[in-house]
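Everything on this sheet refers to the single structure shown next.
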Amino acid sequence: MLICLGVFASVTITYAILPSKFELNDFETLQFDRSVPEYETVLTPSDFELGAEIADNLRFIQHGNGDSDAMYGRTRFEGDIANENLNASTVEMFLNGGAGPNNGNWYNAIRNRHQLWPNGRIPYTISSQYSSYSRSLIAASMQEYSTHTCIQWVPKTNNDINYVYIFPDRGCYSMVGKIGGKQSLSLGSGCIQKGIIIHELMHAVGFFHEQSRTDRDDYITILWNNIQPGMQGQFEKYGQGTIQSLGTTYDYSSIMHYGGKAFSRNGQPTMVPKQKGAQIGQRSGFSKTDIYKINKLYGCPTDGEKPETTTEPETTTPLTTTTTTTTTISPTSFRTVNPSPPTLPVITPECRNLRGDCDELGRQAMGV
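The sequence shown lines up with residues -16 to -1, 1 to 352 when you count with mature numbering (1 follows the signal peptide of the UniProt record, and there is no 0).
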């Protein structure tokens, strides 16, 4: 069954209504089709147009804008970092090439310039198995980088040796920074959500998790007894001298922060902010500080100012993961695809189906 839910930017969107007993496996079939022959492709201008119009409004396939267990893989460093042989004891050598401490502070951006993408240009390909819906959300997430930073996600050319391959493996994960050659970024079940996609892309840009900073114990409390057995190592904080400080303090609202119940063994929080009223683990989009740090790391032109300093903690208040509204600086805009919004016709009051696969999605949703 299809129903018109509302009008956004003068365009009426048609949604598929899912039955109450819709299962996770059914969601997976709407996001990608593993029976489709696998090959590398790129996004099209229509993917960006669809993403711009509906990615923030389609909810039938998403479980809100919160955290996802798919981001917390037990066998990967910090849950979703896939660099080979990377762990708490090897990360400093990985990032610094064996260099010693520098300024004594470890924040969450890589220091080695060789692991940054030249001129902020990141070539990519994506799997042929993604649905139109997933392609539009990936496009919308990439466009956030073009809108707020000088990072450009561009289709891979024959001349590009180093690039990111996005495909639907099990769970969400990425490598941090430019590794060299073809590097994998997985957006599988539970990952097709704009905020999670932005999070994984930001790993590839060159960022680790916020809660692993050297100074994190000044801002959050780790509840070790609530962590799954054997997963305590996922909460290690970094040593000294490896990560760029970028002149910012701790950012509770960073899209790179763990959710409050990450790796929980009992459904209870595994970390709580020390600052009264602070919220962690949002997956709505960039925080103001996220944007500032990307722009500073890559030398992006921007008229934005440095974010305000984090308020010193007042009390320790257990908080669960929630979604927050973020504000952004006003950067110079870069658009790598579809440089100007499409001209849209006048819309009549009737619903219009803007997606070629909407009828098929509706049939799958109803089990027809």
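Ideal placement from N, C-alpha and C gives every residue a C-beta, glycine not left out.
Since the structure is predicted, the reported quantities are computational estimates derived from the model, not experimental observations.
Query                                                                                                                    : Result
Local Cβ density within 10 Å of W208, reported as buried at 16 or more and exposed below that                            : exposed
Where F16 sits in the DSSP three-state scheme                                                                            : strand
Close-in-space but distant-in-sequence residues of the same chain around M255 (CB under 8 Å, 5 per side omitted)         : Q195, I204, T205, I206, L207, F219, Y242, G244, A246 and I264
C-alpha distance - I259 paired with S237, whole-angstrom precision                                                       : Note that residue 259 corresponds to Gln in the displayed sequence, not to Ile. Each residue's Cα considered, the two are about 12 Å apart.
Buried/exposed call for G283, threshold 16 Cβ in 10 Å                                                                    : exposed
F16 beta carbon less than 8 Å from that of S118                                                                          : yes
Alpha-carbon spacing of A124 relative to N250, whole angstroms                                                           : 35 Å
Alpha carbon of R105 to alpha carbon of Y129, nearest angstrom                                                           : 11 Å
Separation of R267 from K277, as counted between CA atoms                                                                : 17 Å
R319, buried or exposed, once every other Cβ within 10 Å from all chains shown has been counted against 16               : Its pLDDT being 34, under 50, R319 is placed unreliably by the model, and the measurement read from it follows with that caveat. Exposed, since its Cβ has fewer than 16 Cβ neighbours within 10 Å.
Between the CA atoms of D202 and L27 - distance to the nearest angstrom                                                  : 42 Å
Cut-off 6 Å between Cβ atoms - residues of its own chain near H183, not counting five sequence neighbours on either side : I239
Residues bridged to L169 [DSSP beta-bridge criterion]                                                                    : I150 and S158
Assigned secondary structure, Q218 (DSSP; H/G/I helix, E/B strand, else coil)                                            : helix
S19 burial status per 10 Å Cβ neighbour count (16 or more: buried)                                                       : exposed
Residues near G82 in its chain [Cβ-Cβ closer than 8 Å; skip 5 each side]                                                 : Confidence is the limiting factor: at G82 the pLDDT is only 39, short of 50, which leaves the residue's position unreliable, though a coordinate-based value still follows. Correct list: empty, nothing qualifies.
For H187, the nearest candidate out of L34, D144, Q252 and L171 (CA to CA)                                               : L171
Opposing strand residues paired with residue 369 [DSSP bridges]                                                          : There is simply no residue 369 to check, as the chain begins at -16 and stops at 352 in what is shown.
As assigned by DSSP and simplified to three states, the class of F32                                                     : helix
DSSP state of M126 mapped onto helix, strand, coil                                                                       : helix
Environment of G164 [buried if 16+ CB atoms lie within 10 Å]                                                             : exposed
Alpha-carbon to alpha-carbon, P29 and P213                                                                               : 46 Å
DSSP-derived helix/strand/coil call for E22                                                                              : coil
Cβ neighbours of Y23 in the same chain (closer than 7 Å, five flanking residues each side left out)                      : S112
Heavy atom of the ligand HEM within 7 Å of Y117 beta-carbon                                                              : Ligands in the displayed structure: none, and consequently the ligand HEM is not present.
CA-to-CA distance, F191 to Q99, given in whole angstroms                                                                 : 11 Å
Opposing strand residues paired with R105 [DSSP bridges]                                                                 : Q136
Span of the alpha helix (DSSP H), counted from its first residue to its last, around T273                                : K272 to L281
Rounded straight-line distance, which links the Cα of T232 to that of A262                                               : 17 Å
Where N322 falls: helix, strand or coil (DSSP)                                                                           : Low confidence applies here, because N322 scores a pLDDT of 37, under 50, leaving its location unreliable; read the following figure in that light. Here N322 sits in coil by DSSP.
Helix, strand or coil at I163 according to DSSP, with G and I counted as helix                                           : coil
Assigned exposure category for T141 - 16 Cβ within 10 Å defines buried                                                   : exposed
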